[in-house]
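Asks:
There are 2 protein chains.
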Amino acid sequence: MSTKHLSKGSRMPMGNKGKLRLFTNRFCPYCQRVQLVLDAKKLQYDVIYVNMHNKPDWFYQISPLGKLPALELENGDVLYESLIIVDYLDEKYIQHPLHHKDPLKKAKDKILIEQFSKVVNTMYNMLMLTTTNDDNESVISDGLETFEKELNNRQGPFYGGMHPGMLDYMIWPWCERAELLKLFSSYFRSGVLNKNKYKKLMEWKNRMNEDTAVKKTFIDTETHIKFVQSHRAGIPEYDLVNISV
Amino acid sequence: MSTKHLSKGSRMPMGNKGKLRLFTNRFCPYCQRVQLVLDAKKLQYDVIYVNMHNKPDWFYQISPLGKLPALELENGDVLYESLIIVDYLDEKYIQHPLHHKDPLKKAKDKILIEQFSKVVNTMYNMLMLTTTNDDNESVISDGLETFEKELNNRQGPFYGGMHPGMLDYMIWPWCERAELLKLFSSYFRSGVLNKNKYKKLMEWKNRMNEDTAVKKTFIDTETHIKFVQSHRAGIPEYDLVNISV
């Protein structure tokens, strides 16, 4: 299986019938969400890396709207939208459940994931589009405070309890990239990135770093920075990581 | 219980402990989604109508981000985000299930709901913001074609089969408002709104009009137009409908 990101002009890889196949990109945080869940549930799957900047023509046969991540199922059906895929996986494969069984706890976690999307959008604007505005600082600090407080109110080191659950994995890709905000440290005024303010979150991050699923897709900050720089330069370099599958 | 929309300066209504309470607005399609599900599942609930344009201060005690719809649960907890609320209701109250039991069918319906949001956004831009662009026509016609085709491929007159299911109810609020696009009939060039092209959808719409849950929140096109006009004029008139609860 190729570990390079496939671009326009590439051939469509043959699939293994009856096996899950994830169409993904190493630097796409939404794609990472799905891979984290596949790994946390210890599912077997093949991976196809797709160049999002220069998508192969055949990819539109897989995902008609050209959306990544896309998960090809055993029967050939394809699902997309990260949150829809992970909910499907958690319902279909009952081992290592990630969502709370209690509908209310589950709904509250989904609201937190939704709330976190403000942080996600702000990080995207700052890191990828290099647009900053006066709201960025408060959106990031409000987000971190909400999640610090939430962790304080919960049992166990993870949002999911003694093990990472769906909420932990859904916010992780952006937390892995948190150090990138240092690129903007001159922009932040009031110690938003002061780690002492977010003790619980920092402990959580250290523990997440040790999680088996997290380790499988982990990319270090230095490499993330290289990628962001290449993206800003208009030529995203997706093949910065040697991948052994 | 007041049937008027409550504004700044109003008193916070007392709740009935142990009873669901929906904070909603008569002309908000996202709010309507939740009410359709409450009614389809034949749940008992109180309704508080909130003026979205001039929200009461007390509303932020209920919904800290000021979001509508908000559902106060029996234990005082509050949920928001229409799709999160309806999923919660369908999981918590197992009577009259609306989602498919099969995780794959459920996921596919959720993808269609997500796809439909393009139509939703376009309708909002056209009707409320009076912004039009060249994409609007194709977004609306692509959306209608997708849903016409989907209905052709399914058993039964509804997306949910013999009865309306989650997908039917989630798209309904915008279908109820479909005739409003006539306001823009001069804008559409190629017969996008030609009913003959969407025979299945038209049959579906007629049947949906007869559904008990749909009837409970139904507002006729003339009243919708009055509301849109008041909204465009900057003074949304929420109390255009006499409500008997």
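Note that the protein sequences, when read in sequence, are chains A and B.
Here the first sequence stands for residues 1 to 245, where the numbers follow the numbering used here.
Here the second sequence stands for residues 1001 to 1245, where the numbers follow the numbering used here.
Even for Gly, the Cβ is constructed at its ideal location relative to N, Cα and C.
So, residue 246(A) versus residue 216(A), is the Cβ gap smaller than 8 Å?
Replies: The structure shown has nothing for residue 246(A), since chain A only spans 1 to 245.
Asks: Please decide whether residue 110(A) counts as near chain B, where near means a Cβ-Cβ distance under 8 Å.
Replies: On the first sequence, position 110 is the one that residue 110(A) refers to. Closer than 8 Å: yes.
Asks: Excluding the 5 residues preceding and the 5 following residue 1010(B) in the sequence, name in chain order all residues of the same chain whose CB lies nearer than 8 Å to its CB.
Replies: In the second sequence, residue 1010(B) corresponds to position 10, counting from 1. Counting only Cβ-Cβ distances below 8 Å, and skipping sequence neighbours, we find 1056 and 1058.
Asks: Looking at the strands, I want to know which residues DSSP matches up with residue 50(A).
Replies: By 1-based counting over the first sequence, the position of residue 50(A) is 50. Per DSSP, the beta-bridge partners of residue 50(A) are 6(A).
Asks: Would you kindly work out how many angstroms separate the C-alpha atoms of residue 7(A) and residue 235(A), rounded to a whole number?
Replies: What you label residue 7(A) is simply residue 7 of the first sequence in a count that begins at 1. What you label residue 235(A) is simply residue 235 of the first sequence in a count that begins at 1. Cα-Cα distance, rounded: 13 Å.
Asks: In whole angstroms, give me the CA-to-CA distance for residue 1222(B) and residue 1163(B).
Replies: Locating residue 1222(B) in the second sequence gives position 222, where the first residue counts as 1. Locating residue 1163(B) in the second sequence gives position 163, where the first residue counts as 1. Each residue's Cα considered, the two are about 28 Å apart.
Asks: Identify whether residue 1023(B) lies in helix, strand or coil by the three-state DSSP scheme.
Replies: Taking the second sequence and counting its residues from 1, the one referred to as residue 1023(B) is at position 23. Strand at residue 1023(B).
Asks: Would you call residue 64(A) buried or exposed, if buried means 16 or more other Cβ atoms sit within 10 Å of its Cβ?
Replies: On the first sequence, position 64 is the one that residue 64(A) refers to. Flag for residue 64(A) reads exposed.
Asks: Listed from N- to C-terminal order along the chain, which residues in the stretch 1092-1111 of chain B have their beta-carbon within a distance smaller than 8 Å of any beta-carbon of chain A?
Replies: Taking 8 Å as the Cβ-Cβ cut-off against chain A, the residues of the stretch 1092-1111 of chain B that qualify are 1092, 1103, 1104, 1106, 1107, 1108, 1110 and 1111.
Asks: Within 8 Å of any Cβ in chain A, is that where the Cβ of residue 1077(B) sits?
Replies: Locating residue 1077(B) in the second sequence gives position 77, counting from the first residue. With 8 Å as the cut-off, residue 1077(B) counts as an interface residue toward chain A.
Asks: To the nearest angstrom, how far is the alpha carbon of residue 1196(B) from that of residue 1142(B)?
Replies: Residue mapping note: residue 1196(B) aligns to position 196 of the second sequence, counting from 1. Residue mapping note: residue 1142(B) aligns to position 142 of the second sequence, counting from 1. One alpha carbon belongs to residue 1196(B), the other to residue 1142(B), and they sit about 15 Å apart.
Asks: What does DSSP give as the partner residues of residue 1045(B) in its beta bridges?
Replies: On the second sequence, residue 1045(B) is found 45 positions in, with the first residue counted as 1. BP columns for residue 1045(B) point to 1020(B).
Asks: Give the C-beta separation of residue 326(A) and residue 207(A) to the nearest angstrom, bearing in mind that I take them to be a contact with Cβ-Cβ under 8 Å.
Replies: A query on residue 326(A) cannot be resolved here, the shown segment of chain A reaching from 1 to 245 and no further.
Asks: If you follow the alpha helix (DSSP H) that residue 1246(B) is part of, which residue opens it and which one closes it?
Replies: Here chain B comprises residues numbered 1001 to 1245, so residue 1246(B) is not present and cannot be evaluated.
Asks: Using Cβ-Cβ distances below 9 Å, what residues of the stretch 81-92 of chain A are close to chain B?
Replies: 81, 83, 84, 85, 87, 88, 89, 90, 91 and 92
Asks: Does the beta-carbon distance from residue 1045(B) to residue 1068(B) come in below 8 Å?
Replies: Indexing the second sequence from 1 puts residue 1045(B) at position 45. Indexing the second sequence from 1 puts residue 1068(B) at position 68. No, they are not a contact pair.
Asks: Return the chain-ordered list of same chain residues with a C-beta closer than 8 Å to the C-beta of residue 1146(B), the five sequence neighbours on each side being excluded.
Replies: Within the second sequence, numbered from 1, the residue matching residue 1146(B) stands at position 146. Contacts found: 1112 and 1115.
Asks: For residue 1241(B), which three-state DSSP category applies?
Replies: Looking up residue 1241(B) in the second sequence gives position 241. Looking at residue 1241(B) - three-state DSSP - the assignment turns out to be coil, as it is neither helix nor strand.
Asks: Please work out which residues of its chain come closer than 8 Å, Cβ to Cβ, to residue 28(A), disregarding the five sequence neighbours upstream and downstream, and give them in chain order.
Replies: Mapped onto the first sequence, residue 28(A) falls at position 28. For residue 28(A), the CB contacts under 8 Å within the same chain, skipping 5 residues up- and downstream, are 52, 68 and 69 in chain order.
Asks: With burial defined as no fewer than 16 other Cβ atoms inside 10 Å of the residue's Cβ, what is the status of residue 1016(B): buried or exposed?
Replies: As a working mapping, residue 1016(B) is identified with position 16 in the second sequence. By the neighbour-count rule (16 or more Cβ atoms within 10 Å), residue 1016(B) is not buried but exposed.
Asks: Residues in the same chain with beta-carbon distance under 6 Å from residue 48(A), minus the five sequence neighbours each way, listed in chain order, please.
Replies: Within the first sequence, numbered from 1, the residue matching residue 48(A) stands at position 48. Contacts found: 13 and 23.
Asks: Looking at the structure shown, is residue 1071(B) part of a helix, part of a strand, or coil, going by DSSP?
Replies: Residue numbering aside, residue 1071(B) sits at position 71 when the second sequence is read from its first letter. The answer is strand: DSSP assigns residue 1071(B) an E or B state.
Asks: Let's test the definition: count the other Cβ atoms within 10 Å of the Cβ of residue 129(A) and tell me whether it reaches 16, buried, or not, exposed.
Replies: Within the first sequence, numbered from 1, the residue matching residue 129(A) stands at position 129. Exposed: under 16 other Cβ atoms inside 10 Å.
Asks: For chain B, is any of its Cβ atoms less than 8 Å away from the one on residue 145(A)?
Replies: Within the first sequence, the letter at position 145 stands for residue 145(A). No, residue 145(A) lies away from the interface with chain B (no Cβ there is under 8 Å from its Cβ).
Asks: Could you say which of 1074(B), 1094(B), 1037(B) and 1144(B) lies nearest to residue 1194(B) if we only look at CA atoms?
Replies: Counting from 1 along the second sequence, the entry for residue 1194(B) is found at position 194. Comparing Cα positions, the closest option is 1144(B).
Asks: Kindly give me the distance between the Cβ atoms of residue 200(A) and residue 151(A), rounded to whole angstroms, as I take these residues to be in contact under 8 Å.
Replies: Locating residue 200(A) in the first sequence gives position 200, counting from the first residue. Locating residue 151(A) in the first sequence gives position 151, counting from the first residue. At roughly 4 Å, the Cβ-Cβ gap stays under 8 Å, so residue 200(A) and residue 151(A) are in contact.
Asks: Measure the alpha-carbon distance for residue 1073(B) versus residue 1036(B) and round it to whole angstroms.
Replies: Translated into the one-based positions of the second sequence, residue 1073(B) becomes position 73. Translated into the one-based positions of the second sequence, residue 1036(B) becomes position 36. Residue 1073(B) and residue 1036(B): Cα-Cα distance of roughly 17 Å.
Asks: Consider the C-beta atom of residue 231(A) and the heavy atoms of the ligand ATP; say whether any pair is separated by less than 7 Å.
Replies: Ligands are entirely absent from the displayed structure, and the ligand ATP is therefore not among its contents.
Asks: Please list the terminal residues of the continuous beta strand (DSSP E) segment that includes residue 79(A).
Replies: To locate residue 79(A), count along the first sequence from 1; it is residue 79. 78-80 is the extent of the beta strand (DSSP E) around residue 79(A).
Asks: Can you name, in chain order, every residue of its own chain whose Cβ lies under 7 Å from the Cβ of residue 1062(B), other than the five neighbours on each side?
Replies: What you label residue 1062(B) is simply residue 62 of the second sequence in a count that begins at 1. Closer than 7 Å at the Cβ level, and outside the excluded window around residue 1062(B), lie 1023, 1070, 1072 and 1078.
Asks: Run through chain B and tell me which residues come within less than 8 Å of residue 114(A), C-beta to C-beta.
Replies: Residue mapping note: residue 114(A) aligns to position 114 of the first sequence, counting from 1. What residue 114(A) touches in chain B: 1081 and 1084.
Asks: Between the Cα of residue 121(A) and those of 213(A), 233(A) and 30(A), spot the shortest distance and give me the residue it belongs to.
Replies: Within the first sequence, residue 121(A) is the residue found at index 121, counting from 1. Minimum Cα distance to residue 121(A) is reached at 30(A).
Asks: From residue 1159(B) to residue 134(A), what distance separates their C-alpha atoms?
Replies: Residue mapping note: residue 1159(B) aligns to position 159 of the second sequence, counting from 1. Residue mapping note: residue 134(A) aligns to position 134 of the first sequence, counting from 1. Approximately 45 Å, taken between the alpha carbons.
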